[in-house]
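Residues 1 to 942 in full-length UniProt numbering are what the sequence shown lists, from first letter to last.
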Amino acid sequence: MLMHGLLLAFSCFAAFGFGATLLPDEEVDALRQIARTLGKNWNFSANPCSGESGCVGPTPTLEFVNPVTCNCSYQNNTVCHIVSIVLTGQNLQGVLPPELVSLPHLQEIDLRRNYLNGTIPKEWGSMQLVKISLLGNRLSGPIPKEIGNISTLKELRLIANQFSGSLPPELGNLVNIEQLLVSSNEFSGELPTSLGNLKSLKDFRISGNRFNGKIPDFIQNWTQLKELQIQGCGLQGPIPSGISLLKNLTELRISDINGMASAFPPLSNMKEMNRLILRNCNLTGPIPEYIWAMAKLRTLDLSFNKLVGQLPPTFNKPNITTFIYLTSNLLSGTVPDWLLKNGAYIDLSYNNFTLGSSGQCQRGSLNLFGNPPAANNISGAVPCFKKFQCPKSLSSLHINCGGEKVTINGVHGSTTFSEDHDLGGASKFFLSTENWAFSSTGDFLINSRETDDYTASNISRLSMPDFILYTTARLSPLSLTYYGLCLLNGNYTVKLHFAEIMFTDDKTYSSLGKRMFDVYIQGKLVLKDFNIEDEAGGTHRAVVKNFTAIVATNTLEIRFYWAGKGTQTIPSRGTYGPLISAISVDPDFIPPTEGGKRISAGVVIGIVASAFCVIFFILGILFWKGRLSKKPTLYEVSYPNFLLTDLRYLDLQTGSFTLRQIKAATNNFDAANKIGEGGFGPVYKGLLSDGTIIAVKQLSSKSKQGNREFVNEIGIISALQHPNLVKLYGCCIEGNQLLLVYQYMENNSLARALFGPEEQQLKLDWPTRHRICIGIARDVYSFGIVALEIVSGKSITNYRPKPDCIYLLDWAYVLQERGSLIELVDPSLGSDFNKAEAMRMLTVALLCTNASWTLRPTMSAVVGMLEDQTVVKNLISDPNISSDDLNLKAMGNHHHQIHSQEQSQSQSISVDEPQIGLSTYASDLYPIIMDSDYWNARGKNN
C-alpha cells in the first residue's frame, strides 16, 4: 500500500500548466532541486496544481502524507503558487532544502518522521512561513537565530531530533508564535528571558532536554497558554506562583525537577484543566480541596512527592477522573468509599492509608500496595505479602518479563524463568504464585494505539544467545517495581537482561527512538538515564547489567522509573518508559542443603577445627621443604581478598566475570585474538556468549603495575561515562589472573583514532578533548604528555615540525618561549574551541612535564587548574631550554632523556596504551567516587 501511494505521488508534478492555470517555471525548478536535496525521487509528469486524482497520494495518515498544495487565485485565477509541502513518514535521507526560499508563497513545510540530517538552513529566516514541522528526524546543531525573523510563524515543531545548544534569544521576536515544541532534543543553557514576549503562545513543550536554571517567572506572561510540558528537562523548582495567571491551561505537565521543597502551586483559577501532572516536584503539604472540584479533570498525577493529609470523604463531581496517581507520598487516613466504586485507575501505593485487617493490596483497579494494615502500624511492602506463604526459603529468582515460562541451558546447567505474561495495567499490583510480585503505575498519555500495551513482543528471531528471553519484555509508562520474596538473607548477584525490540536498526525514522529510564535496586540508584540501545550497541541486541544486592529482610526490590527523558513519539506515539526483558537473581553464597536442614553448631566447630589442622599440617610440610622461605612473587601473594576489599570500598557499578567466561570469549587467550600490548600487558579481542564483543587486558608478569594500579584503573574508568570514551564492562580476579574487560573499539586505541589514517580518525570536538584530559589522571608527567597529544592531535614521538626537532614536547617549549603556544592546538578544530581553556590546558601540560619533578603540581592541583577552580601557576621554564632553532636537537635529546627516565619509572600512559590509571600517592588522587558528599564538601572549600 505504501509503495502504491509513492507511485501515485511520483506523478504529481509538471513544468507546464493545465487549462487556464499555470505554475511558474521558477517554482517548478525549485521543486526539482528541493526533491534532490531531500533525497526524494519525484517524477514530474502532471500538474501539481490541477487537483487531479493521485496528486496528493493516498488518504493522508499520520505515518504517510504526500500532498503539495497550491493557491490558484492569483491574477484572476490564472496563476498558481505552492503554499504547502507535506512529506511525512517517507524515510527521506537527505537534508533540509535551502531552496525553499525560491517558493515565495510557501507557508507550510511538514517533514515529520523521515531520516533527514543536517541543520536548519538559516536561509529560511527570510521566508514568510507559518508552520514548520520537523518532528522525528536526525537533525542536529542549534536553531539558527535567523528563524527569529519569521514574524509570520505560528508553529515551530522540532520534537525528537538531535538539536543542541541554547535557544536563541531571537525566538522572542516570534510575536505570532502559538506552538513552540522542542522536546526530546539536547538543548542546554537557561531559557532566554525574551521568551516572555511570546504572549500569543498556546502550546510550549521543552521536556527531555538538558536546560539549567529555574523554571522562569515569565511563564506568567503566556496567558493564552493551553498546554505546558516541563518534564525531565533539567530545570529546577519551585514552580513559580505566577502560574496562577494561566487560566486557560487544559494540560499541565511538570515532573522530575530539582530544587527545594515547596507547597502546592496555586492552580484554583484553572477551570479548564483536563490533565494535571506534578510528579516528583518535591511538593509538600496537603492536596488543595479545589483539585477535587475541577469538573473537567481526567488525569491527576501527583506521585513521588511529600504530600500529606487525607483524601476527601465524599466526591460529587459528575464526571469522575479517569486516572489518579498518588503513589509514594505521605498521605494517610482511611481509603474513601468513592475511590472503591468509581472504576477509575487509581494508585495509592506507598502511602500511609489504612488498609483494614485484610491487608488487601489490589481492589479492582485500585492499587494499595505498600500501605499499613489497621491491625498494626507496619508500613512498607510486608503487609501485602502476609498471606503469601513461602513454600521454603529460596536463594534464586528468574523471571521472563512479559513472556511465557522458558528454560535456558547454560554452562552450569539449565535455568527456568518464570512466566510473566499478565497484561498489567495503569495501576496494578500482581502477586505471582511463585516467589515474586510486581507493582506498576502510569498510563501512556500520548498513545496512538487503541489500548495501552504493557508488554512488548518481537516476532523476528534474534541472532543472539538465549534469544527467547528477548522476544518479549515488560513495559511501563512510569514506574515498575519487581519484588523477590522468600529469599535467604545474604549477598546476591542481580542480572538485568535488556534488548531494545521496539525500534528498528535501519535508516528509517523507526530507528530514531531514544528510550531512557532509571533503575533502583533496594532503593539505591544503580543506572541513571539508561539507554538500552546505546549500551548494547544497537537494537535487537542483548545487554546484561550485573549488580550486587544485599538482602536483609528476605525481600529484594528492583524498580524501573521513567524520569521524562528520551523520545515519546517514535516509531509511534506512546513508545517510551522502562523496558525489561528478564531478571536473574543468584546467590553469592553457598545455599544450605535441600530441605533447609541446618548443620548443628557442634558439627560446624568440628569442621572448622579439622580444616585448620589440615592447613597447619600442609604449611608445616611446605616450610620443612623450604617452599615458604623464598620471597613471594606477585602471583604468589594472596591478593584477591585485598583487591575485593578495595573494590567494595570504591562502591563501583562494574560487572564481574569468571575466568571461564574470559577464556571462552578469547579462545583461551589465543594469539590470533591478540590486538595489542601496553604497559599493563597484552590485550585480546573476545566474544561473550550474548554476542557482545569485548577487549580483555591481562596483567602481565612483566608489567610494573600491580594491585593498586589495577584497582585505580577500575576506579577512574568506571567514573567516566561519555560516548567517545571506552566503557569498562567489568573485571576478573581469579587464581593468578587480573583481567579488565572493556568495550571493544574498532579503532584499537586512542593513538590510532587520533593519529591513524584519515578515514579511521576519531573526530573529537573541543569539549570532548577537554573532558578526556580531565578524566585521564595517573601520574603528573604522563598526564602532561597525554594532554599535549589530545589538544594538538599529534603523536608525542612522531611529530617533527622541523628536521632537527626530536618530538612534540620540544616544539611546545619553543612556542611557549615565543609566546605563541596557542599554535599547538589541533588545526582541524579551526576556530571552534575555547582559546582560554586551550591555553590553560597547554600551560598545565607543560607544568606537568617540567624537567624538575619538584616543580610539578600534584594531580589534585592539576584538576583544580583545569576546572578553573584555582589559578594556573606561573610556568618556570627549564634553564636548559632555548627557543633558538639551533638548539632544537640538544633540547630534544634533553627532553628525550627525561621522558625515557619517567617512562621507565612510572610506565607512562602513552595513548597507544588503552589503560587509564591513578597515581599511587594519596595526595595526588582525584576522588574516584565523586558523589554528592564530595561535591558538597568541595563547594564549601571553594
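C-beta: ideal position from N, C-alpha, C; glycine also.
CA-to-CA distance, residue j to residue i, given in whole angstroms
i, j, result
"V220", "K214", "Looking at the sequence shown, residue 220 is not Val but Gln. Whole-angstrom Cα-Cα distance: 14 Å."
"V872", "R818", "19 Å"
"V544", "D347", "31 Å"
"V825", "S792", "5 Å"
"G343", "Y325", "14 Å"
"N209", "K528", "15 Å"
"L628", "L688", "Confidence at L628 is low in this model, with a pLDDT of 47, below 50, so the placement of that residue should be treated as unreliable; the coordinate-derived value is given next. C-alpha separation (whole angstroms): 39 Å."
"I34", "N91", "15 Å"
"S184", "C486", "41 Å"
"N137", "C49", "28 Å"
"I163", "N117", "Note that residue 163 is Phe in the sequence shown, not Ile. Using only the alpha carbons, I get a separation of about 10 Å."
"N212", "Q698", "43 Å"
"G490", "Q522", "13 Å"
"L229", "E557", "Reading off the sequence shown, one finds Gln at residue 229, where the question assumed Leu. Their Cα atoms are separated by approximately 31 Å."
"S140", "G39", "18 Å"
"L340", "T284", "26 Å"
"A499", "G364", "32 Å"
Neighbourhood of residue i by C-beta, 6 Å cutoff - its chain only, sequence neighbours within 5 removed
i, result
"Q362", "F429"
"N329", "N305, L307 and N351"
"D422", "F430"
"T299", "R275 and F323"
"K674", "P682 and Y684"
"K495", "V544, N546 and S584"
Cβ neighbour criterion (16 or more within 10 Å) applied to residue i
i, result
"P313", "exposed"
"N466", "A small fix is needed here, since residue 466 is Asp in this sequence, not Asn. Counting Cβ neighbours within 10 Å, D466 comes out buried, since at least 16 surround it."
"T854", "exposed"
"C390", "exposed"
"F589", "exposed"
"Q661", "buried"
"D670", "exposed"
"D443", "buried"
"D505", "exposed"
"Y290", "exposed"
"Q128", "exposed"
"A582", "buried"
"E823", "exposed"
"Q107", "buried"
"Q869", "exposed"
"A295", "exposed"
Closest Cα partner of residue i within the set the options
i, options, result
"S194", "P216, Y729, F657 and I822", "P216"
"P477", "L488, R515, I468 and P98", "R515"
"L394", "T555, T658 and A851", "T555"
"G242", "P265, N248, G232 and L228", "P265"
"K122", "G864, N149 and T849", "N149"
"S572", "P591, M502 and D256", "M502"
"R36", "E99, Q75 and F517", "E99"
"M865", "N850, A851, S852 and A838", "A838"
"Y552", "W562, L488, A542 and N258", "Note on identity: in this sequence residue 552 is Ala, with Tyr being the wrong assignment. With distances taken between Cα atoms, A552 lies closest to L488."
"P336", "T321, Q310 and Y345", "Q310"
"S268", "L278, W292, R856 and N409", "W292"
"G564", "K663, A295, K507 and I446", "I446"
"K145", "W124, S365, G424 and R157", "W124"
"G830", "W766, S396 and Q75", "W766"
"W222", "E186, L180, D256 and K835", "L180"
"L158", "I147, T152 and S151", "I147"
Cβ shell of residue i (< 7 Å), same chain only, five flanking positions each side left out
i, result
"S200", "V175, N176, I177, E178 and Q224"
"P238", "G259, M260 and S262"
Beta-carbon contacts of residue i that lie in its chain and below 8 Å, excluding the five residues immediately before and after
i, result
"P192", "S166, L167, P168, P169, L171 and G172"
"F369", "S349, Y350, C361, Q362, A381, C384, F429 and S439"
"T481", "F438, S439, S440, E557, I558, R559 and F560"
Short CB-CB distance (under 7 Å) between residue i and chain B
i, result
"I143", "The chain inventory of the structure shown lacks chain B, comprising one protein chain alone."
Segments of 4+ residues assigned as alpha helix (DSSP H) that fall wholly inside the stretch 505-583: Runs of the alpha helix (DSSP H) inside the stretch 505-583: 532-536.
Complete beta strand (DSSP E) runs within the stretch 456-501 (minimum length 3 residues, chain order): Runs of the beta strand (DSSP E) lying entirely within the stretch 456-501 and spanning at least 3 residues, in chain order: 472-475, 479-484 and 490-499.
Every unbroken beta strand (DSSP E) inside the stretch 292-346 [3 residues or more]: Considered as a whole, the stretch 292-346 harbours 299-301, 306-309, 323-325 and 330-334 as its complete beta strand (DSSP E) runs of no fewer than 3 residues, in chain order.
Runs of beta strand (DSSP E) lying entirely within the stretch 179-259, each at least 3 residues, in chain order: Every beta strand (DSSP E) of 3 residues or more that sits fully in the stretch 179-259 is shown, in chain order, as 179-181, 186-189, 203-205, 227-231 and 251-255.
Ranges of the beta strand (DSSP E) found wholly within the stretch 79-152, counting only runs of at least 3: List check, beta strand (DSSP E) in window: 79-86, 108-110 and 131-133.
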